[in-house]
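Engineer: Starting off with a structure, shown below.
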Amino acid sequence: MTTITGRVWLFGDDLNTDVIHPPQFFSLDEEKVRAGLFHGLDPGIQPRLRPGDVLVGGHNFGCGSSRETSVRSLKLNGIGALIALDFARIFFRNCTNNGIPCLTLARARDLQALRPGQVVNVDPEQARMTTEEGEEIPLDPPGGFVQRIWQAGGLLALLPDSRPERGA
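Residue 1 is where the sequence shown starts when you use UniProt numbering, and the numbers rise one by one after that.
So this is what it looks like as structure tokens:
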């Protein structure tokens, strides 16, 4: 997995999935899903996002509904990684299964060192984040299987191709 470079977007504790992606944006239409990201918090955030941006939060990031649409919207918007003090368990698994790296800060105090718009490099394999000023922030590494899923781009990419041969 390559290093992810993006701008920091800071959020607080208990960032709820219905705020991340409100129900009125649930759809099969990818553009509608993409456009709804953070509409429940501030409709002006989504148009300013860039591929690779890094979302940073406090405790319980992704709490609330287990619906996968919030994660789908993050992926459609090209979010590079999520960093937090801790994640809601189902949200963490949904992100992992969709190939979005979620890493926890090894030291809570490092949350204070980050600022909105700051450019960071996140290396999921080495479990570290480096700020544009050169400060290295350690992250807690996930298990090896989680990293394999991220490297593959999501859980489905790890499954063997089970489609029947043509003409069979």
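Backbone N, C-alpha and C define an ideal beta-carbon position, used for all residues, glycine too.
Per DSSP, what are the beta-bridge partners of residue 87 in this structure?
Structural biologist: 61.
Engineer: Consult DSSP for residue 31 and reduce its assignment to one of helix, strand or coil.
Structural biologist: Of the three classes helix, strand and coil, the one that applies to residue 31 here is helix, per DSSP.
Engineer: Using a Cβ-Cβ cut-off of 6 Å (strictly less than) and excluding sequence neighbours within five positions of residue 87, which residues of its own chain qualify?
Structural biologist: If we look at residue 87 and ignore the five residues flanking it on each side, its Cβ neighbours are 61, 62 and 102.
Engineer: Does the contact criterion of 3 or more C-beta pairs under 8 Å hold for the segment 113–131 versus the segment 6–16?
Structural biologist: The segment 113–131 vs the segment 6–16: in contact.
Engineer: Leaving out five residues on either side along the sequence, give the residues of the same chain with a beta carbon under 6 Å from the beta carbon of residue 153.
Structural biologist: Within the same chain, residue 153 has close Cβ partners 99.
Engineer: Please go through the same chain and pick out, in chain order, the residues whose beta-carbon is closer than 6 Å to the beta-carbon of residue 127, but skip the five residues on each side of it.
Structural biologist: 139 and 141, listed in sequence order.
Engineer: Determine the direct distance from the alpha carbon of residue 115 to that of residue 68, and round the result to whole angstroms.
Structural biologist: If I take the Cα positions, the gap works out to 28 Å.
Engineer: Among the candidates 110, 148, 112 and 13, whose CA atom is the shortest distance from the CA of residue 58?
Structural biologist: Ranking the options by Cα distance to residue 58, first place goes to 13.
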